[in-house]
Structure formats: C-alpha cells, structure tokens
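Protein chains in written order, with my numbering: chain L, 1 to 247; chain P, 1 to 247.
Protein chains: 2
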Amino acid sequence: MSEDQSCIIHHFSHYCSLTKEEKALLVSLEENPTDIKAGSLLWEVGDPAKEFCTLHSGWAYSYRHLESGDRQILEIYLPGDIIGLREFAFSQRLENVCMITDGVVCHFPHKRLLEIFRQSVPLTSVVFAIASRHQALVTERLVTLARRSARQKTAHFLYEMYLRLRQTNGDIDRQFRLPLSQEQLADILGLSPVHVSRTFSLLSEEGLVFRDRHNVTIPDLKALAAAGEFDDCYLHDDVRPLFDLSA
Amino acid sequence: MSEDQSCIIHHFSHYCSLTKEEKALLVSLEENPTDIKAGSLLWEVGDPAKEFCTLHSGWAYSYRHLESGDRQILEIYLPGDIIGLREFAFSQRLENVCMITDGVVCHFPHKRLLEIFRQSVPLTSVVFAIASRHQALVTERLVTLARRSARQKTAHFLYEMYLRLRQTNGDIDRQFRLPLSQEQLADILGLSPVHVSRTFSLLSEEGLVFRDRHNVTIPDLKALAAAGEFDDCYLHDDVRPLFDLSA
DNA sequence: CGTTGTCTTGATTACGCTCAACTCAGGTGG
DNA sequence: CCACCTGAGTTGAGCGTAATCAAGACAACG
C-alpha cells in the first residue's frame, strides 16, 4: 500500500502534519491488505484479540447479540477507520465485526501500536485523539438511544452519517448511498424493523428525508439536524491542534 | 500527595508493575489536590478543556442535558478514575461533571499526559488500556439502555457497580452504599424516577435486591447477574499483560 | 411466472411515562 | 415537645410510543 493510497495517512493528516518517518510508520500498518466480502465476519466475540485492522475500503459494523435474540449494532466503520481499538486492553474480542459491503482491510498486530508509542509522541497523541473521538461518537449515541424518540434517533443517525461521509468524501451534497437494510437500521437505532419503516415514512411525509432503496436524500440539512437535536460539537473538524500541547 | 496515598498508582498497578520513575510521573499528576463539595460541578459543557482530573476520593458523574429537559448520566466515576479522558481531542468540554459526594480531585494539564507519552511506553499503554476499558463500560451500557427492560437495566447497573466497587475495595460483601437518589438512578438508566421506584419494588419482591435508603444488599449475586444478562468479560480483572506486547 | 427477501400497512398489545395524591423521615421553629 | 415544612420515595390511573403479529405489496431473480 503506497503513501497516497493510504486511508490511514489521510485520516491522521486531519490531526497533525506528518513527517516522512511518521508516514512510513503509518504505511507499515497497511502492508497486509486483504480482500473481504460483504457479510463476512472479521472476528467474533471471544476470539483472541491480538490485532487491529484498518478499513481501507468498504463499510463495516460491530455488533453484539443479546440473549433475547436481538442484536445491537455498536458502530459503523468507514474507510480510514481503525477497527478494534476498544479491545487493546483485552485478550478477547468483545464485539463481532461484519462487513457491510465488499472491502479491503489491513491487519496489524497490537505490538505495532507500541512501536508507534515508542517512536512518535505526535502519532501517539493522534491515536489517542482518534480513540477519544470515537468514544465521543459512542457517547452521543448512548444519549440518543437512551432518551430520544424513534424520529429523533433516525434523524440523528442520518445526519451523523452525512457528516461523517462528508468529512472523508467532500463531494457529497444532500444525497448519499446508505447500504443498510431496515433490519440493520433497526439494530443500530434500537427499534424494530417495522417501526423503522414507519419512521422513515413519517420523515418522508415531513419532507425531511427521502429514501429510494439505499439512496438517501436530505433536502434540508438544518431541518434534519434540528429534528435529531443534533449538536455537532462532538464531530467538529476544528481539531484541537496537538502541537500546541507539546509546547 | 505521597506515593502510597495515590489512587492513581493503585489503579495503574493493576495493569503493570511500575518503576520508580513511572511512579514519580504518576504522583506528579496528583500534586494539586482540591477539596470539593457534593453537588458542585467540576466543569460544564462548553468550558475550555485543557485539563484532566484524577478523582482521589468521593464519587462523581458526568452527564448531558437534552432539549426536552431530561438529563442523561453518562458515567459514574470512582476514586482512582481519571476524569475527562474523552475530551483529549477537543478544545471544549462535551459533558458536565458533578460531584456526588464530598471529595478530593487533582487537576493536571493535558500536556502532562504528553510527558507520559514521551517518557514511558508502558505508562502510555496503561493510559490507553484504561481508556479502552472505560469505553467498554460505556459500550456495554449502550447495549443495555438501547435494548433491555427496566428490570434488566437496573439489575445490570447494580451488578456492575458491585463489581467496580469490589475491584477497588476488596472488603465488600453483598452489601454496599450507593449514594444515588432515585432521580439520579433514573438519569443513569434512561427511566423515569417513578419507574425506578417500581422497578426496585419488583426486584425486592423477587428477592434480588434490597435497598434501605442508600444501602443496597444483594443476597444472590449470580441471580442478579442473570437478571441483568450480565456478561462480565468486559470488566475482567485478568488484564492482558502489556509487557507481552513489548516483546 | 413463481420464489424469495425486503419493505409496508393494519390491528392489537405492552412497557414505561405522566400526572397526581399520598406516605414517610428528617429538619426547623414556635 | 409538638406542629409544620420539605424532599424523597411510593402507589394508582390513564395514556402514548413503539413492539409484536400478521397480511399484503413490491422488486429482483431464477
């Protein structure tokens, strides 16, 4: 994987400018690209956890099964994301991870992260910053799942996905592809598939969201954000400049 | 704050054995102890975020307000915890933090963490491990809040608190003090205060949990864990030995 | 043209919310 | 010492959102 193909470098560049050595370190994380099919599992709960994974292309999600048979999707991963950071402190996987679309992933062992810790304080900070941003995302969804209505949950999720996609893919304008079935949406939003359908109908009647198969159109972004009580401070792109801290 | 008073050292020692230099680094995080009263705020959403805080004694919680007027409590902090890790990548606070009881906190600036990154790879790993464990906790609660019944939520929360308290305070046996009002419990569990009351009555009828004011008794731990569908792999104490990774 | 899976719509049910009245313990002042 | 107040917790009645169950629509595919 060369430097300009690297999603990781692209991702990390958001946080600070990288030296040649740092870029080389990051590129080395992606030296084992593996093709992987939609629907296949990267790993399951209980598997040994000795590696991370960068998602080079395609979408993935992590999820947990409940005893009731329900499923809760925890996170959607987009290209450039690192999968499995949460399990750094554990010897076993806590979550299943499944590909949504075909894609390419690059495995690298936990100890590679320690090399980063050893060799570059700025990269260490960026890894930490990325982890803390992911955490912010999860926290925001916790609030939404715990307290908000189906309509708010749905609006919130769609707006969040819109922002995340725009961050990596500047050319998105009010329309994007969302390769998720209603069952998967239900598992994300903590709703039943039936109610997801109803909620989309409602949002469509209100003119907030139009959906045709897997294509989503959002005529009025602000209105959608308002409907989801979306507070975007947890996704802001004006990242705290990390070099300030080193001073 | 001397070495044997340090909650941080106690906390970090769970993850790896510490050299003298590393202990000194950690002690330096706690050089500014501040007394703080129950009910007072450490900070609020929007405040500048340039510091972390170690909680030396007392309990605290972080929370968010919703437009509806509801509140969601995100995390309960116990002595030894670091507060504010999540905001490392942000310039503003994303959450309010409030003391539950009187306590002592120690502020230290973000850049102190960078010194740790610079000076000790093991400590860096431990910080990372702690962050990833906190994240696992939040994720677990996300699943619970999104999918489980009031009875399960309550049982799950109580069992989790029991385990966390036992981890730091080995002498706990089926009974502990839980200094939370039902309103606060409601804000944690995503329920109304009224329903928290009903749920405790139910658990009490079932003989699973007895509560007298702020004292909680759990006659049968396994039964409570089962009622909360508690899977304790995310709290396991057999921490992945970090030095293995450095090899 | 039938089959399959996904989505939609309708009818019924249930869990937890809201509102309101009541209990109870602790604290305060006469 | 008692009367009163306050705040937390409990209990009851009615309601609403979303779940469940079931039937039907629709598209993709063989």
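Glycine included, every Cβ here is placed at the ideal spot set by N, Cα and C.
Q) Could you give the residue range of the beta strand (DSSP E) that holds Cys16(P)? A) Looking at the DSSP string, Cys16(P) is not in any beta strand (DSSP E), and its letter there is neither H nor E.
Q | Within chain L, the residues that Val312(P) reaches when beta carbons sit closer than 8 Å | A | For chain P, the structure presents residues 1 to 247; residue 312(P) sits outside this window and is missing.
Q.
Given this structure, state the Cα-to-Cα distance separating Leu114(L) from Ser181(P), to the nearest angstrom.
A. When rounded, the separation of the alpha-carbon atoms in Leu114(L) and Ser181(P) is 43 Å.
Q. Is there a Cβ from chain L that is less than 8 Å from the Cβ of Gly170(P)?
A. For Gly170(P), no Cβ of chain L is located within less than 8 Å of the residue's own Cβ.
Q. Would you call the CB atoms of Val138(L) and Cys53(L) closer than 8 Å?
A. No, they are not a contact pair.
Q. Using the C-alpha atoms, what's the distance from Gln167(L) back to Ala155(L)?
A. So the two alpha carbons sit approximately 18 Å from each other.
(Q) Counting C-beta neighbours from all protein chains within 10 Å, is the total for Lys153(L) 16 or more, i.e. buried, or is it exposed? (A) Under this definition Lys153(L) is a buried residue.
Q | Closest residue to Ile76(L) among Asn96(L), Phe90(L), Leu224(L), Asp70(L) (Cα-Cα distance) | A | For Ile76(L), the nearest C-alpha among the options comes from Asn96(L).
Q | Nearest neighbour of His56(P), chosen from Met161(P), Asp102(P), Arg112(P), Pro109(P) [CA to CA] | A | Checked all of Met161(P), Asp102(P), Arg112(P), Pro109(P); the closest Cα to His56(P) is Asp102(P).
(Q) Please identify, using Cβ separations under 7 Å, the residues of the stretch 95 to 125 of chain P that lie next to chain L, in order along the chain. (A) Taking 7 Å as the Cβ-Cβ cut-off, the stretch 95 to 125 of chain P approaches chain L at His110, Lys111, Leu114, Phe117, Arg118, Val121, Thr124, Ser125, given in chain order.
Q.
Does chain L have any CB closer than 8 Å to the CB of Ala89(P)?
A. Yes, Ala89(P) lies at the interface with chain L (some Cβ there is under 8 Å from its Cβ).
Q) Should Pro193(P) be labelled buried (16 or more other beta-carbon atoms within 10 Å of its own) or exposed? A) Counting Cβ neighbours within 10 Å, Pro193(P) comes out exposed, since fewer than 16 surround it.
(Q) Can you tell me whether Ala24(L) is buried or exposed? The criterion is at least 16 other CB atoms within 10 Å of its CB, across all chains shown. (A) Looking at its Cβ environment, which holds fewer than 16 other Cβ atoms inside 10 Å, Ala24(L) is exposed.
Q. Which of the three DSSP states, helix, strand or coil, is assigned to His65(L)?
A. In the structure shown, His65(L) sits in a strand (DSSP, three-state: E or B).
Q: Determine the direct distance from the alpha carbon of Asp187(L) to that of Asp171(L), and round the result to whole angstroms.
A: For Asp171(L) and Asp187(L), the distance between alpha carbons rounds to 29 Å.
Q: Whole angstroms is fine: what's the gap from Glu206(L)'s alpha carbon to Ala60(L)'s?
A: Going from the Cα of Glu206(L) to the Cα of Ala60(L) covers about 30 Å.
Q | Same chain, Cβ closer than 6 Å to Tyr162(L), five either side skipped, listed in chain order | A | So the list is empty, once near-sequence residues are dropped.
Q. Who are the near neighbours of Ile82(P) in its chain, counting only those whose CB is closer than 6 Å to its CB and skipping five residues on each side?
A. Excluding residues up to 5 positions away in sequence, Phe52, Thr54 lie with their Cβ nearer than 6 Å to the Cβ of Ile82(P) in the same chain.
Q) Taking 8 Å as the CB-CB cut-off, is Glu160(L) touching chain P? A) Glu160(L) does not count as touching chain P.
Q | Contact between the stretch 13 to 27 of chain P and the stretch 121 to 137 of chain P (3+ Cβ pairs under 8 Å) | A | These segments touch.
Q.
Run through chain L and tell me which residues come within less than 7 Å of Gln234(P), C-beta to C-beta.
A. Before going further, note that residue 234(P) is Tyr rather than Gln in the sequence given. From the beta-carbon of Tyr234(P), the residues of chain L found nearer than 7 Å are Leu94.
Q) Assuming Gln72(L) contacts Ala146(P) under a Cβ cut-off of 8 Å, what Cβ separation, rounded to an integer in Å, is found between them? A) With a Cβ gap of about 6 Å, Gln72(L) and Ala146(P) count as contacting.
(Q) Within the continuous alpha helix (DSSP H) that includes Tyr162(P), where are the two ends? (A) Counting along the chain, Tyr162(P) sits inside the alpha helix (DSSP H) bounded by residues 150 to 168.
Q: Output the residue ranges of the alpha helix (DSSP H) runs that lie fully inside the stretch 183 to 234 of chain P and measure 4 residues or longer, sorted by chain position.
A: Residue ranges of uninterrupted alpha helix (DSSP H) with 4 or more members, entirely inside the stretch 183 to 234 of chain P and ordered along the chain, are 193 to 205, 221 to 227.
Q) Going by beta carbon distance, what residues of the same chain come within less than 6 Å of Ser40(L), once the five residues before and after it are set aside? A) Excluding sequence neighbours, Ser40(L) sits near Met99.
Q: Could you check which residue in Glu30(L), Pro109(L), Arg174(L), Asp70(L) has the C-alpha nearest to that of Phe88(L)?
A: Ranking the options by Cα distance to Phe88(L), first place goes to Pro109(L).
(Q) Could you check whether Gln92(L) and Ala131(L) sit closer than 8 Å to each other, using their CB atoms as the reference points? (A) No, they are not a contact pair.
Q | chain L contact residues for Glu229(P), given Cβ-Cβ distances below 9 Å | A | Chain L residues near Glu229(P): Leu66, Glu67, Ser68.
(Q) Taking only three categories from DSSP, how would you classify Arg71(L)? (A) When DSSP states are grouped into helix, strand and coil, Arg71(L) belongs to the strand group.
Q: Would you mind telling me which residues of chain L sit closer than 7 Å to Gly190(P), beta carbon to beta carbon, in chain order?
A: By Cβ distance, chain L contributes Ala146, Arg147.
Q: Determine, using beta carbons only, whether Phe157(L) comes closer than 8 Å to chain P.
A: False, the Cβ-Cβ gap to chain P never drops below 8 Å.
Q. Is Asp244(L) helix, strand or coil by DSSP?
A. With a pLDDT of 49 at Asp244(L), under the threshold of 50, the modelled position of this residue cannot be trusted; read the value that follows with caution. If DSSP states are grouped into helix, strand and coil, Asp244(L) belongs with the helices.
**Q.** 8 Å Cβ cut-off: residues of chain P touching Gln250(L)
**A.** One cannot answer for residue 250(L) here, as it falls past the ends of chain L, which runs 1 to 247.
Q) Of the choices Phe200(P), Arg112(P), Pro33(P), Gly228(P), whose alpha-carbon is the least far from that of Glu140(P)? A) Taking only the C-alpha atoms, the option nearest Glu140(P) is Gly228(P).
Q | Residue interval of the alpha helix (DSSP H) (run including Arg147(L)) | A | Looking at the DSSP string, the run of the alpha helix (DSSP H) that includes Arg147(L) is 121 to 147.
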